[in-house]
Amino acid sequence: MQQVSQQLVSQPEVTATPMVPKTSMMPAGRAAGSHHRNMSQAPANLAGPVVAVNQCSAISSQRDELPIPRIVAIGDQSAGKSTVVSRILNIPLPSGIGPSTRTPLHIASRLGPAKAELSVPEQPLLMAQGDQAGRESWEGSKLRSLGWRRESGRYIKGLLLVDGQWPPGPEVVKTAVCEVTIAVAGEWNLMVDVELRLDWQSDTTPNLDIIDLPGLVLMPVAGQPDDMPQQIQSMVDKYILDKDTLIMCVLSGVDFDRYDSSKSDGDLSRTLVVITKLDFYRSAEEQLCQLRCLQEHPDNLDHTPIDVVVVRHP
Ligand SMILES: Nc1nc2c(ncn2[C@@H]2O[C@H](COP(=O)(O)OP(=O)(O)OP(=O)(O)O)[C@@H](O)[C@H]2O)c(=O)[nH]1
Ligand SMILES: [Mg+2]
């Protein structure tokens with residue numbers, strides 16, 4: 674997890690706040706396990722790095738078996754989740770005012786031969802009831818008219834040009850995500866728990882799973898059922914349940930007061946906080962003041978997230 678955090682910080686447009694990463698607060702005694710024999714020879718201030726190097730060596734032989742890091746992006750609606758995910762993986766994704774992400778989008782980024790495919794399970798695109806049950810719905814046939822194919826229980830759209838050239842054009846992913854979102858969730862404001870999967874592979878892409886979720890809301894808007902806020906919360910709860918998943922909690926810099934650690938893992942031990950939109954505050958002083966608000970937030974007095982990073986708008 675710390676490694677992921679460091680990758681984020683090293684993005685050109687990202688700067689870190691002074692908050693101390695949780696992993697660096699580990700007591701030296703606990704870090705120096707008996708199986709790290711070199712520890713006794715290391716100067717005290719190098720203990721941490723030496724342990725880390727030893728641990729890396731110990732696991733390097735099992736490297737192929739290490740699980741792919743998995744990050745889920747959560748936060749309030751329009752906080753900037755998709756924008757941050759776009760920047761991490763360099764994939765232009767739909768974003769904008771109002772509910773933009775309306776289904777979970779699982780991006781499976783892998784190192785390998787060029788491949789870019791968006792897919793969705795076929796079930797929501799089949800007729801549910803009546804004589805026609807199980808047959809392709811109007812939305813399914815519309816998708817096929819837009820270049821999607823039906824294969825192995827899924828609707829799939831290839832996003833590379835026929836010659837397989839990497840990367841896909843700048844609008845291609847956005848367009849495909851919008852097409853399939855409309856097919857499974859309708860034209861308007863509905864959110865549905867139907868996971869889209871983007872297989873994204875090239876010789877320059879990292880091995881990483883990121884899931885971009887719909888944003889949390891307090892109240893339903895026109896066209897949404899009354900329990901839309903609870904439905905979205907359930908989606909988030911389901912995705913953050915896995916103890917090996919890192920939670921990237923995206924906060925708008927203009928809405929700190931709405932931060933609530935109960936929306937994430939309670940003790941924040943799996944949470945990385947990303948703060949967006951500080952550019953709304955013109956002066957550096959105002960921006961610092963907002964950062965202090967977060968650090969002084971009661972929820973954070975007892976718990977420290979893995980890291981807090983501030984992202985700059987392009
Ligand atoms: N000024 C400014 N605008 C931002 C920043 N980050 C995102 N935005 C804008 O905020 C709007 C919402 O961004 P999204 O990335 O779609 O937000 P989201 O959290 O994914 O939204 P939902 O999927 O609807 O929950 C877009 O118009 C972005 O361009 C930022 O740091 N500064
Ligand atoms: Mg979004």
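Numbering (the working numbering), first residue to last: 674 to 987. Every residue gets a Cβ at the ideal spot worked out from N, C-alpha and C, and that includes glycine.
| query | Going by the beta-carbon positions, is the gap between G888 and S773 smaller than 9 Å? | reply | yes
| field | Residues with C-beta closer than 5 Å to any heavy atom of ligand 2, in chain order | value | K754, S755, S773 and T774
| said: Taking the alpha carbon of I884 as the reference point, which residue from T854, T918 and G771 has its own alpha carbon closest? | reply: T918
| query | By the 10 Å Cβ neighbour count, where 16 or more other Cβ atoms means buried, how is S825 classified, buried or exposed? | reply | exposed
| field | Y828: first and last residue of the uninterrupted beta strand (DSSP E) it sits in | value | R827 to G831
| field | 8 Å contact criterion, which A856 and L881 should meet: CB distance rounded | value | Their Cβ separation, rounded to whole angstroms, is 27 Å, which puts A856 and L881 out of contact at 8 Å.
| Tell me the DSSP bridge mates of H976? | Note: H976 sits in no beta bridge, so no partner.
| task | Can you have a look at W861 and say buried or exposed, based on whether 16 or more other CB atoms are within 10 angstroms of its CB? | result | exposed
| query | Quick one: what does DSSP say P740 is sitting in, helix, strand or coil? | reply | coil
| Per DSSP, which one or two residues make a beta bridge with S956? | Answer is none; S956 lacks a bridge partner.
| request: Starting from A789, follow the beta strand (DSSP E) in both directions and report where the run begins and ends. | output: K788 to P794
| Neighbourhood of W821 by C-beta distance below 6 Å, restricted to the same chain and skipping five residues each side | Y828 and K830
| field | Exposed unless 16 or more other CB atoms sit within 10 angstroms - verdict on P843 | value | exposed
| request: Out of N763, V745, T756 and E738, state which residue places its alpha-carbon closest to the alpha-carbon of P879. | output: N763
| A715 versus M864: straight-line alpha-carbon distance, rounded | The pLDDT assigned to A715 is 40, lower than 50, so where the model puts this residue is not dependable, and the model offers no usable value.
| message | For R775 and V850, I'd like the C-alpha separation in whole angstroms. | response | 10 Å
| said: For the pair the region 867 to 875 and the region 790 to 806, tell me if three or more CB-CB distances fall below 8 Å. | reply: yes
| said: Assuming W873 is part of the beta strand (DSSP E), what are its boundary residues? | reply: L869 to S875
| query | Taking the beta strand (DSSP E) that D885 falls in, what are its first and last residues? | reply | L881 to D885
| message | Against chain D, with Cβ distances strictly below 9 Å, would P794 count as a contact? | response | Looking at the structure shown, chain D is missing, and only one protein chain is on hand.
| said: Just verifying my parser: in three-state terms, what is the DSSP assignment at S782? | reply: strand
| message | Between P740, R783, G753 and P742, which has its C-alpha nearest L924's C-alpha? | response | G753
| query | Looking at K847 and ligand 1, is the gap between the Cβ and the nearest heavy atom below 8 Å? | reply | no
| query | Excluding the five sequence neighbours on either side, which residues of its own chain have a C-beta within less than 7 Å of the C-beta of I905, listed in chain order? | reply | M864, P887, L889 and V890
| said: Just to confirm my understanding: we take W811, look at its own chain, exclude 5 residues before and 5 after, and list those with CB closer than 8 Å. What are they? | reply: none
| request: If I'm right that E852 touches R823 with Cβ under 8 Å, what's the distance once you round it to whole angstroms? | output: About 14 Å; that fails the 8 Å criterion.
| request: Just the C-alpha distance for S1036 and T949, rounded to the nearest angstrom, thanks. | output: This structure cannot speak to residue 1036, because the chain is shown only from 674 to 987.
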